[in-house]
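For the sequence shown, counting from 1, position 127 maps to 126 in numbering that gives the first Met the number 0; every step adds exactly one.
Each residue gets a CB set at the ideal place from its N, CA and C atoms; glycine is no exception.
Encoded as structure tokens, the structure appears first; notes follow it.
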Amino acid sequence: MQQWTLLWVLSLLANVPDALAVKSHDFKTCSQAGFCRRGRALATRAAEAKSSWKSPYSIDVPSIAITPNKAVFTAGVKSSLYPDVQFGLELRVHDDGVVRVRMDEVHGLKKRYDEAASWALMSDPQISHEISWTAGKRDIRAKYGNNEVVVAFEPLKVSLLRGGKEQVVLNGQGLLHMEHFRTKNQPETKTEEADPQPEEGADLQPEEGAGDNEQVVMKAEELNPRAWFEGEGEEDWWEERFSTWTDTKPKGPESLSVDISFPSHGTIYGIPQHATRLALPTTAGESPAYTEPYRLYNTDVFEYLASSPMSLYGSIPILHAHSTDSTVGIFHAVGSETWIDVSHSTDKSTQTHWISESGILDIFLMPGPTPADIFAQYSRLTGTPVLPPHWSLGYHQCRWNYVSSDDIRTVQKRFDEEDMPVDVFWLDIEYSDDHKYFMWEEKTFPDPVEMTNDVAAFKRKMVVIIDPHLKRTSNYPVFQEASDRKLLVMPPSGEGEYEGWCWSGSSSWIDFFNPNSWDWWKSLFKTTPLKSGWSWTKSTTDIHIWNDMNEPSVFNGPEISMPRDNIHYNGWEHRDVHNINGMLFSNQTWHGVRERTDPPSRPFVLTRSFYAGSQRFGAMWTGDNLGTWEHMAVGIKMVLANGIAGLSFAGSDVGGFFGNPEPEMLVRWYQVGVFNPFLRAHAHIDTKRREPFLLDQPYKGIIKDVLRLRYTMLPVWYTAFRETSVTGVPVLRPHYVMFPKDPKGFTIDDQYFIGASGLLVKPVTEKGATQTTVYLAEDQVYYDYFSHHVYRGAAKGKDITVQAELHQVPVFIRGGSIVPTRERPRRSSPLMKQDPFTLRVALSKAGSAAGELYMDDGVSYLHEKGEFVWREFRAESTGKKTVRLAASDLGAARKDHAVDGVALERYSDKNAFARSVSDVRVEKVIVLGLSAKPSSVRVEGGKELVWEYTPGIAANGKGEGAASVLTIKDPKVLVLEQWAIVIQL
Numbered sequence: 000m001q002q003w004t005l006l007w008v009l010s011l012l013a014n015v016p017d018a019l020a021v022k023s024h025d026f027k028t029c030s031q032a033g034f035c036r037r038g039r040a041l042a043t044r045a046a047e048a049k050s051s052w053k054s055p056y057s058i059d060v061p062s063i064a065i066t067p068n069k070a071v072f073t074a075g076v077k078s079s080l081y082p083d084v085q086f087g088l089e090l091r092v093h094d095d096g097v098v099r100v101r102m103d104e105v106h107g108l109k110k111r112y113d114e115a116a117s118w119a120l121m122s123d124p125q126i127s128h129e130i131s132w133t134a135g136k137r138d139i140r141a142k143y144g145n146n147e148v149v150v151a152f153e154p155l156k157v158s159l160l161r162g163g164k165e166q167v168v169l170n171g172q173g174l175l176h177m178e179h180f181r182t183k184n185q186p187e188t189k190t191e192e193a194d195p196q197p198e199e200g201a202d203l204q205p206e207e208g209a210g211d212n213e214q215v216v217m218k219a220e221e222l223n224p225r226a227w228f229e230g231e232g233e234e235d236w237w238e239e240r241f242s243t244w245t246d247t248k249p250k251g252p253e254s255l256s257v258d259i260s261f262p263s264h265g266t267i268y269g270i271p272q273h274a275t276r277l278a279l280p281t282t283a284g285e286s287p288a289y290t291e292p293y294r295l296y297n298t299d300v301f302e303y304l305a306s307s308p309m310s311l312y313g314s315i316p317i318l319h320a321h322s323t324d325s326t327v328g329i330f331h332a333v334g335s336e337t338w339i340d341v342s343h344s345t346d347k348s349t350q351t352h353w354i355s356e357s358g359i360l361d362i363f364l365m366p367g368p369t370p371a372d373i374f375a376q377y378s379r380l381t382g383t384p385v386l387p388p389h390w391s392l393g394y395h396q397c398r399w400n401y402v403s404s405d406d407i408r409t410v411q412k413r414f415d416e417e418d419m420p421v422d423v424f425w426l427d428i429e430y431s432d433d434h435k436y437f438m439w440e441e442k443t444f445p446d447p448v449e450m451t452n453d454v455a456a457f458k459r460k461m462v463v464i465i466d467p468h469l470k471r472t473s474n475y476p477v478f479q480e481a482s483d484r485k486l487l488v489m490p491p492s493g494e495g496e497y498e499g500w501c502w503s504g505s506s507s508w509i510d511f512f513n514p515n516s517w518d519w520w521k522s523l524f525k526t527t528p529l530k531s532g533w534s535w536t537k538s539t540t541d542i543h544i545w546n547d548m549n550e551p552s553v554f555n556g557p558e559i560s561m562p563r564d565n566i567h568y569n570g571w572e573h574r575d576v577h578n579i580n581g582m583l584f585s586n587q588t589w590h591g592v593r594e595r596t597d598p599p600s601r602p603f604v605l606t607r608s609f610y611a612g613s614q615r616f617g618a619m620w621t622g623d624n625l626g627t628w629e630h631m632a633v634g635i636k637m638v639l640a641n642g643i644a645g646l647s648f649a650g651s652d653v654g655g656f657f658g659n660p661e662p663e664m665l666v667r668w669y670q671v672g673v674f675n676p677f678l679r680a681h682a683h684i685d686t687k688r689r690e691p692f693l694l695d696q697p698y699k700g701i702i703k704d705v706l707r708l709r710y711t712m713l714p715v716w717y718t719a720f721r722e723t724s725v726t727g728v729p730v731l732r733p734h735y736v737m738f739p740k741d742p743k744g745f746t747i748d749d750q751y752f753i754g755a756s757g758l759l760v761k762p763v764t765e766k767g768a769t770q771t772t773v774y775l776a777e778d779q780v781y782y783d784y785f786s787h788h789v790y791r792g793a794a795k796g797k798d799i800t801v802q803a804e805l806h807q808v809p810v811f812i813r814g815g816s817i818v819p820t821r822e823r824p825r826r827s828s829p830l831m832k833q834d835p836f837t838l839r840v841a842l843s844k845a846g847s848a849a850g851e852l853y854m855d856d857g858v859s860y861l862h863e864k865g866e867f868v869w870r871e872f873r874a875e876s877t878g879k880k881t882v883r884l885a886a887s888d889l890g891a892a893r894k895d896h897a898v899d900g901v902a903l904e905r906y907s908d909k910n911a912f913a914r915s916v917s918d919v920r921v922e923k924v925i926v927l928g929l930s931a932k933p934s935s936v937r938v939e940g941g942k943e944l945v946w947e948y949t950p951g952i953a954a955n956g957k958g959e960g961a962a963s964v965l966t967i968k969d970p971k972v973l974v975l976e977q978w979a980i981v982i983q984l
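Structure below.
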């Protein structure tokens, strides 16, 4: 390595904030990426040509073939620009109506990367056997149910229709272009129909009498059709420079461009991760919100902007398109860098243009037609979010870095002295010996097992960071074994080991695309000695893992990442797999933590980099955010976006990773954090210590209250996670998911519902705010969670103004909901296992309500064998004078319900877990919204109960008032019993 490079890296490591602060010139724009520049220029030429533009791709009709079961359609595709280049198209219709469209180069000089889907998908989808194809002169189509897929022959166009109306269209704008493989300096051959190119400066004006500009463009096309479509020259085909780096391209140009249109849908969501609105702003067309396309290229962006289409740490190439009529979706299984333009020709249609550096066309068209259908269809492809260990839903305390074992013990002691709940303490990179992960710094952490056991004595856990870069030194067994086994990523030559720089200094990276790495990596997490090889014996099963820097982050690499021409297993270049790379690291870590015990226990693994399918393996966070109000606000939108893309277990660093937030901001950030699925406070090494117990009053007390609120609601969170793990519907639900036919809610992304609980949350993210506006989408009552103040929505939606002083979090219970909570303060969540429940019954306008409670042991996989408790609570008016609140067993009621699979088939209400909580009771019932004071409240068939009643205050002109409150004290009913409480008015 050149001396100046070494000095630069050493300076970087010594002064991280200054060296890595985000600079626009560290990362490419579209114009600096040759393939994106070519793709966007293609779109510009098409727009200028208007109706005269025609895609050169068409179906070779004689090649059409349909499998005997009529489930798979194949055909050759030809390009009028390159008659000798062959392409192949394949369509499969899945049994749930999803249509998979694949197109690849056939018999090319090289092979395009076609394995992205294999990493994302759970398994090969089931193909429908009830499809019939009807061929016409211009197209071939298959109709199934209310859906229809149509393949137009010339030009090639694939459309998904419902009720005869186009929902998703591929190549409708003619931007499909698969750059075929070619030989360097290959002379161009003229197509038969092409005339000689005009001399420079030749007049391309139309002949006398010619009408309009379209004829001018057609004249140019006739003169040089390839230049008309592809552009002039060989822009970065074989080599590309960015800053001081040169990217060799031995395979030449291989980019893929395709337009995907949603003619009937004016709002789209998805393609995380970006710091932007949930409903994606435009990047093209008239007056775009951003001038750059959205970029999917996993990068370590230090102090990212709070509003930008820049790429961040993860990439999920999925879009939802929504309208009042329906929701549709697409998933494009591509693993290379991808840029996406978004525009609207009308307010009821959306056009997108996808430009990828390499790979094949592999698009899944999801027909919906509801948001829940899209979540189910995507989940069947890539899997549902994993059900996490229960303790991981508690509060996580982290900073870079807790400096010693004694530091951890002191922090734990202070939490207990202040009576603040916490479940997990984290260690960043400085725990390790010279950044050799798995190996402890003995001076500061001389007793890691004893330290962990001290934490575990209070039923708490530790999380320790394991980064993917391995220090290149022979005294680091992890690196040495990886090197000896030839498991490391290779340089462009395909020989030896790639060397880059990260926290460890000179480093190499494991190639997790190599299946030989998997069992070896998993073996490292064993806490007992191995017969051969090294394992983490200075660890315990109470230590879980944080995977950071896995984009991968390489300090001296282009865009702070790995060179694109590095070589992975089977000879694939890094450019082909970049966006998938980080997922494989955290996936195998998850398996390693899971398999360190027999039987396995549920692991917790946090990842910064992710791809489609990452939801099957753990949690993510939104990376290196700043302690600003803008980052607090955009973090909510980012968590919502990741949720609809499958990654529900998400959160942003509370307080911001960088900076020293003032007390007001820190309080508000905790109020945001406790209503994120993943709740962690984290801070940079240069920030002041800001553990919540260090604040002065009243701030310390407010944060203590809000952390306790999180713990009281853990039954709500765990029940929501259980539903997500089965259905794929996200834990945090934006308004368009809850109310898909309400256009006023399509762009709302600062308030949301928690699962199916009926809890509506509107965090406050503005400095000095004392009130806020909340949108109610329906003619239903909503109760303030704390004050029981009642608000009434309207059939066409309604904004309400609510108080939001610093100590107040706007949380509402939707009428018709029953919310189970546990109100006893505890140090950590496992200590709550035998605690009693409180039921909040929020009656609807019709006087009814319902809610669910799911419980299991929270750590094992015994729930998959039917060991759980799943209860339903229902309140119904049985006549004008009686309300009956009853508990029933949902596990038994839905035993044949297909969505719950094997667990329900094995379920018994007398299972071992149920017996372990058989004494858990309901200690309080709060009923909101009774029409009159009860005359009697008793358990059905039993004695009168102890109760109190506070009458409501009549609604004012805005439909607001105080709800009546009935509080039933200790009804002495058990959660597992069948019981009913009868309220006689």
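{"Check": "For residue 506 and residue 333, I'd like the C-alpha separation in whole angstroms.", "Outcome": "28 Å"}
{"Check": "Determine which residues share a DSSP beta bridge with residue 156 and list them.", "Outcome": "151"}
{"Check": "At which residue ranges does the region 897-938 contain complete alpha helix (DSSP H) runs of 4 or more residues, listed in the order of the chain?", "Outcome": "900-904 and 911-915"}
{"Check": "Which residue marks the beginning of the alpha helix (DSSP H) containing residue 117, and which one marks its end?", "Outcome": "115-119"}
{"Check": "My output table needs one value for residue 641: the three-state DSSP class, helix, strand or coil.", "Outcome": "helix"}
{"Check": "So, at 6 Å on beta carbons, what are the nonlocal neighbours of residue 341 in its own chain, with the 5 sequence-adjacent residues on each side left out?", "Outcome": "279, 281, 282 and 351"}
{"Check": "Report the start-end ranges of each beta strand (DSSP E) in the region 794-855 that is 3 residues or longer and not cut off at the edges.", "Outcome": "797-802, 810-813, 816-820, 836-841 and 848-854"}
{"Check": "In angstroms, rounded to a whole number, what distance separates the CA positions of residue 605 and residue 585?", "Outcome": "8 Å"}
{"Check": "Run through DSSP, which three-state label would residue 875 get?", "Outcome": "strand"}
{"Check": "Counting only runs of 3+ residues fully inside the region 293-326, write out the beta strand (DSSP E) ranges in chain order.", "Outcome": "293-295 and 317-321"}
{"Check": "Taking the Cβ atom as the reference point for each residue, do residue 980 and residue 945 lie within a distance shorter than 8 Å?", "Outcome": "no"}
{"Check": "Judging by CA-CA distance, which residue of 666, 91 and 679 is the nearest neighbour of residue 125?", "Outcome": "91"}
{"Check": "What are the partner residues of residue 340, as DSSP defines its beta bridges?", "Outcome": "352"}
{"Check": "Could you tell me the boundaries of the beta strand (DSSP E) in which residue 663 lies?", "Outcome": "Here residue 663 belongs to no beta strand (DSSP E); instead the alpha helix (DSSP H) covers 662-672."}
{"Check": "Roughly how many angstroms lie between the CA atoms of residue 20 and residue 630, to the nearest whole one?", "Outcome": "Confidence at residue 20 is low in this model, with a pLDDT of 49, below 50, so its placement is unreliable and no value can be given for it."}
{"Check": "Identify whether residue 371 lies in helix, strand or coil by the three-state DSSP scheme.", "Outcome": "helix"}
{"Check": "Distance, Cα to Cα, residue 218 vs residue 84?", "Outcome": "Reliability of the predicted coordinates at residue 218 is poor, the pLDDT of 49 falling under 50, and the value obtained from them is presented with this limitation in mind. When rounded, the distance between both Cα atoms is 25 Å."}
{"Check": "I'd like to check one pair, residue 184 with residue 162: are the Cβ atoms closer than 8 Å?", "Outcome": "no"}
{"Check": "In the DSSP assignment, the beta strand (DSSP E) including residue 546 goes from what residue to what residue?", "Outcome": "542-546"}
{"Check": "Rounded to whole angstroms, what is the Cα-Cα separation between residue 561 and residue 304?", "Outcome": "23 Å"}
{"Check": "Looking only at its own chain, which residues have a Cβ that is under 7 Å from the Cβ of residue 323, when we skip the five neighbours before and after it?", "Outcome": "740 and 742"}
{"Check": "Let me know if residue 196 comes out buried or exposed under the rule of 16 or more other beta-carbons within 10 Å of its beta-carbon.", "Outcome": "Because residue 196 carries a pLDDT of 39, less than 50, the predicted location of this residue cannot be relied on, and no value is offered for it."}
{"Check": "Would you identify the three-state DSSP class for residue 755, choosing helix, strand or coil?", "Outcome": "coil"}
{"Check": "So is residue 285 buried or exposed if we call it buried at 16+ other beta carbons inside 10 Å?", "Outcome": "exposed"}
{"Check": "How many Å lie between residue 702 and residue 732 at the Cα?", "Outcome": "25 Å"}
{"Check": "Starting from residue 61, trace the alpha helix (DSSP H) in both directions and tell me its first and last residue.", "Outcome": "No alpha helix (DSSP H) holds residue 61; the beta strand (DSSP E) holding it covers 56-65."}
{"Check": "When DSSP builds the beta bridges, which residues end up paired with residue 886?", "Outcome": "872 and 978"}
{"Check": "Which runs of the beta strand (DSSP E) fall wholly inside the region 486-517 and span at least 3 residues, in chain order?", "Outcome": "499-501 and 504-508"}
{"Check": "Using a Cβ distance threshold of 8 Å, determine whether the region 901-916 contacts the region 861-874, with at least three qualifying pairs required.", "Outcome": "yes"}
{"Check": "Using the Cα positions of residue 968 and residue 934, report the straight-line distance between them to the nearest angstrom.", "Outcome": "16 Å"}
{"Check": "Between 845, 56 and 571, which has its C-alpha nearest residue 930's C-alpha?", "Outcome": "845"}
{"Check": "In the DSSP assignment, what are the bridge partners of residue 104?", "Outcome": "86"}
{"Check": "Measuring CB atoms only, is the region 815-826 touching the region 409-427, in the sense that at least three cross pairs come out at less than 8 Å?", "Outcome": "yes"}
{"Check": "Assuming residue 640 and residue 927 are in contact, meaning their beta carbons sit under 8 Å apart, how far apart are those beta carbons, in whole angstroms?", "Outcome": "About 33 Å separates the two Cβ atoms, so there is no contact after all."}
{"Check": "Taking C-beta to C-beta, are residue 625 and residue 658 nearer than 8 Å?", "Outcome": "yes"}
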